[in-house]
Amino acid sequence: MMTDHQILNRAQMAARVAQDIPGGWYCNLGIGIPTLIADHIPASREVVLHSENGILGMGPAPEPDQIDPWLINAGKQHVTLHPGGSFFHHADSFAMIRGGHIDLCVLGAFEVAENGDLANWATSAADAAPAVGGAMDLAVGAKRIWVVTEHVTKDGKSKLVERCSYPLTALGAVSRIYTNLAVVDVTPQGFVVREMVPGLTFEALQDRTAARLHLPENRNG
Amino acid sequence: MMTDHQILNRAQMAARVAQDIPGGWYCNLGIGIPTLIADHIPASREVVLHSENGILGMGPAPEPDQIDPWLINAGKQHVTLHPGGSFFHHADSFAMIRGGHIDLCVLGAFEVAENGDLANWATSAADAAPAVGGAMDLAVGAKRIWVVTEHVTKDGKSKLVERCSYPLTALGAVSRIYTNLAVVDVTPQGFVVREMVPGLTFEALQDRTAARLHLPENRNG
Amino acid sequence: MIDKRVGDLAAALEGVGDGATVMVGGFGSVGQPNALIEALIEQGARDLTIVANNAGAGRVGLARLMEAGRVRKIICSFPRSAGSVVFEELFKAGRLELEIVPQGTLAERIRAAGAGIPAFFTATGYGTRLGENKEVREFRGRHYILEESLPADVALVEAWRADRWGNCVYRKSGRNFNAIMATAAALTIVQTQHVAALGEIDPEAVVTPGIFVDRVVHVPYGDPQG
Amino acid sequence: MIDKRVGDLAAALEGVGDGATVMVGGFGSVGQPNALIEALIEQGARDLTIVANNAGAGRVGLARLMEAGRVRKIICSFPRSAGSVVFEELFKAGRLELEIVPQGTLAERIRAAGAGIPAFFTATGYGTRLGENKEVREFRGRHYILEESLPADVALVEAWRADRWGNCVYRKSGRNFNAIMATAAALTIVQTQHVAALGEIDPEAVVTPGIFVDRVVHVPYGDPQG
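Residue numbers (my numbering), protein chains in the order written: chain L, 1 to 221; chain G, 222 to 442; chain A, 443 to 668; chain U, 669 to 894.
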């Protein structure tokens, strides 16, 4: 079924998330699309970026001739430091995370369930050596977890599901999902669609989603 | 019963303890006589003093005109800092203590039992508001605990006892006691006298001690 | 623009509620947030639980807050010290609840609260009166007791320098409980001797990153007294 | 006089025994104690348990130690990364034991070992595969699992500057696991880019006080590669 609607690319998805991050928040942006979000926060809006390898106040990637080999982010990319930034060790860094001091963490996902369960670290229960990194700590520790991801996998499988089938990262962690098709809140009632790309109908979105979608109450009522 | 023996004063007791502290040790010296020990460590012997309020490498009291009001020790006295010293917060300070990184802590005591139990924080089980400070952490955390104290109280009661009657600070913590009359090791066999002040007999020392004293095996055999 | 500086002490203390648990930094006279304590007396919140190493001295600062009848309970390691006269009076009169905590356990419970650790085991206090009624467990042949984290509603902190993001450094033995209390409260209020421009504090030497700090008030208080 | 400096890498690694648990600092290419790892390969200790964030990359450093058959087990948070070829080979062949630990839990277990905390509760991993078979407890309405501390026999640390007492500072994101591993091992060995005179490192900015350090070896290694 073809519909004539827009599909956001990775940069557009990152830009859409960036819109919703207010100045003054302390944010940790995961590897992949989340990392791109930083480029879409206007310089005038002070958002303080945290990297779990011990950086607060991270700035954008340096010009190639300005690279400091001693300054990388959790994704092992070279970064810069804003005035007001600071360095600390791994235990202090995860104290910030686990202690609930990070306002927002944006992560990628394999699956998000309608109860907020997140699966984003292992693609198979049989994989004996998946790499968890800091995902579990971030998912339980940050004040809010947003996921940014394609709505469906390359094989057309919905990433929004009733219950996760992949190994869980954390229970009930996710409060909002930004996909290339929609912005979806995770509520006690399940998935509530807040926004869709132009040209997409609710029914078409539901067709691509393996869990029931709801419209906000004020649109139902 | 009068005997013609020496009785060490506080400074002499402190000096006696100082003799046994080798260079390179990290030491925490409690309030009272233990604090005096620092004055008796020769400048040529590098012993690094820790204060639980966040100082390592503490130096002696400053000259009156050199006082830095921002630098006090755990006994709230003005101190100095040696080159190589460092400052840290209370959690890091007690991580050093609890984590077994302090080679030696010297404390005062109300009572030490022959099994190494220490009572040095509360003088009565009925006292509802005794001040414990860092005594319990030091007593369980330092690699070795030595006690320096008068052998008997002002009322003539032995501070070396079979079992403590005062509230305990820690179980089996003390390994050596320096008194104004003797140096006594706490061993699995109980109190073993290593040294007595000149003129004092073992019997006279036993008379002033409320637990059985032993001589070292090599002196018995 | 992030600017955590507030204009005066009244603004710094705004919203502290009755029944709040308030941490107060400092050890001895060094690092005491005296101006914030005075402002808390002005501010009027009652029925407070105070977390501090000591229970005040003389009739100023923490002692004055207690004397004004505003403190229901104090959690500390060393209530009795030279000049703790107000504490003695109130405690004898049964008008003050007291929880004594070994100093290292107090520090670790505060740090745990800031680090999202609800409870931990420690050997400190095992077999003593302060370990009574606490869960005991053996690890690798040694006995430990379970201690819970100690979070607060408000932390009153004294810093040496702070910037508009709330980054703080302390001065010598003034770091003490200040740096850990800053991490453990829902509302962390800093009185700072000096205000630094953003970027002026060496990123390698920041002790309290701004993420932990909510308000900064500039109080050039001068040296600790006594 | 306290002088923890040793003349060469062989002296730095002296006495590391077969079966030792060895912590290796670094995150990505930054703060890797590469010279000490190479020296450990030379030194010959076998049957090692390695604690590190990653399981090595390429065929150098940690990967070369593993390829040489000297590692029995690895405890890490992120074994699979770009270029973790040696890990993949050994793990598939069943020649390497693996314990995966969430990065924050790994950091806290190491910190706990250094701080004399044998175990603590954390929410991380609750309800997941990595929380299976761990004790669960509820505090204030939330579920947590019990994690034990992770001490080591040896820690290999890379510092930016160190003095003869062993005081260390790190460089930017090179602090990472180095500063906590330094506290958690019976034998802490530091390779430092620069040696400072005693007193040259600002006492307010020391990250690892010398009390945690046993040996310092001067290795002007240069910038991280890659």
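Note that beta-carbon positions come from the ideal geometry of N, C-alpha and C, so glycine has one too.
- Within the same chain, Cβ atoms closer than 8 Å to the Cβ of Arg-501 (chain A) are found at Glu-509, Val-527, Val-528, the five residues on either side in sequence being excluded.
- Between Val-658 (chain A) and Met-623 (chain A), the CB-CB gap reaches or exceeds 8 Å.
- Within the segment 375-408 of chain G, those residues whose Cβ lies closer than 8 Å to any Cβ of chain A are, in chain order, Pro-388, Leu-389, Thr-390, Ala-391, Leu-392.
- The Cβ atoms of Val-106 (chain L) and Val-79 (chain L) lie no closer than 8 Å to each other.
- Closer than 8 Å to the CB of Leu-302 (chain G) there is at least one CB belonging to chain U.
- For a Cβ distance threshold of 8 Å, residue set Pro-304, Gly-305 of chain G lies close to Leu-866 (chain U), ordered along the chain.
- In the three-state scheme derived from DSSP, where H, G and I count as helix and E and B as strand, His-40 (chain L) is classed as helix.
- The straight-line gap separating the alpha-carbon atoms of Ala-638 (chain A) and Ile-55 (chain L) is approximately 20 Å.
- The three-state secondary structure of Gln-861 (chain U), taken from DSSP, is strand.
- Contact fails between the segment 786-806 of chain U and the segment 37-48 of chain L, because fewer than three Cβ pairs, one in each stretch, are under 8 Å apart.
- The DSSP-derived three-state label of Lys-297 (chain G) is coil.
- What Leu-71 (chain L) touches in chain U, judged by beta-carbon distance under 7 Å, is Lys-840, Ser-841, going in chain order.
- Under the DSSP definition of a beta bridge, Lys-157 (chain L) lacks any partner.
- Here the segment 374-393 of chain G does not lie against the segment 314-327 of chain G, with fewer than 3 beta-carbon pairs under 8 Å apart.
- Here the alpha carbons of Cys-518 (chain A) and Ala-505 (chain A) stand approximately 14 Å from one another.
- Around the CB of Ser-591 (chain A), 16 or more other CB atoms lie within 10 Å, so the residue is classed as buried.
- Around the beta carbon of Asp-715 (chain U), fewer than 16 other beta carbons sit within 10 angstroms, so the residue counts as exposed.
- For Met-417 (chain G), the closest alpha carbon among the candidates G:Leu-302, G:Val-405, G:Gly-411 is that of G:Val-405.
- The Cβ of Pro-666 (chain A) sits no closer than 8 Å to any Cβ of chain U.
- Near chain L, meaning a CB-to-CB distance below 7 Å, the residues of the segment 825-839 of chain U are Arg-839.
- A distance below 7 Å between beta-carbons, with the five flanking residues on each side excluded, links Ala-91 (chain L) to no residue of its chain.
- In the DSSP annotation of this structure, the continuous segment of the alpha helix (DSSP H) that includes Phe-529 (chain A) starts and ends at 527-534.
- Unbroken alpha helix (DSSP H) stretches of 4 residues or longer found wholly inside the segment 311-337 of chain G: 311-319, given in chain order.
- The C-alpha of Leu-402 (chain G) is placed about 48 Å away from the C-alpha of Ala-626 (chain A).
- Lys-534 (chain A) is classed as exposed because its beta carbon has fewer than 16 other beta carbons within 10 Å across all chains shown.
- Think of a sphere of 8 Å around the beta carbon of Glu-735 (chain U): no beta carbon from chain L falls inside it, the nearest being about 17 Å out.
- Residues of chain L whose Cβ lies closer than 8 Å to the Cβ of Ser-817 (chain U) do not exist, since the nearest Cβ in that chain is about 12 Å away.
- In the DSSP assignment, Phe-581 (chain A) falls outside any alpha helix (DSSP H) and within the unbroken beta strand (DSSP E) covering 578-581.
- Unbroken alpha helix (DSSP H) runs of no fewer than 4 residues, entirely contained in the segment 226-287 of chain G, are found at 231-240, 254-257, following chain order.
- Under the rule that a run must span 4 or more residues, the alpha helix (DSSP H) segments found entirely inside the segment 153-215 of chain L read 202-207.
- In the structure shown, Asn-702 (chain U) falls within a helical segment according to DSSP collapsed to helix, strand and coil.
- The DSSP-derived three-state label of Gly-459 (chain A) is coil.
- For Val-690 (chain U), the closest Cβ of chain L is not nearer than 8 Å.
- Between the segment 606-624 of chain A and the segment 463-482 of chain A, the count of C-beta pairs closer than 8 Å reaches three or more; the two stretches touch.
- When the five nearest sequence neighbours on each side are left out, the beta carbons in the same chain lying within less than 7 Å of the beta carbon of Pro-786 (chain U) are those of Glu-816, Ser-817, in order along the chain.
- Assigned with DSSP and collapsed to three states, Arg-797 (chain U) falls in helix.
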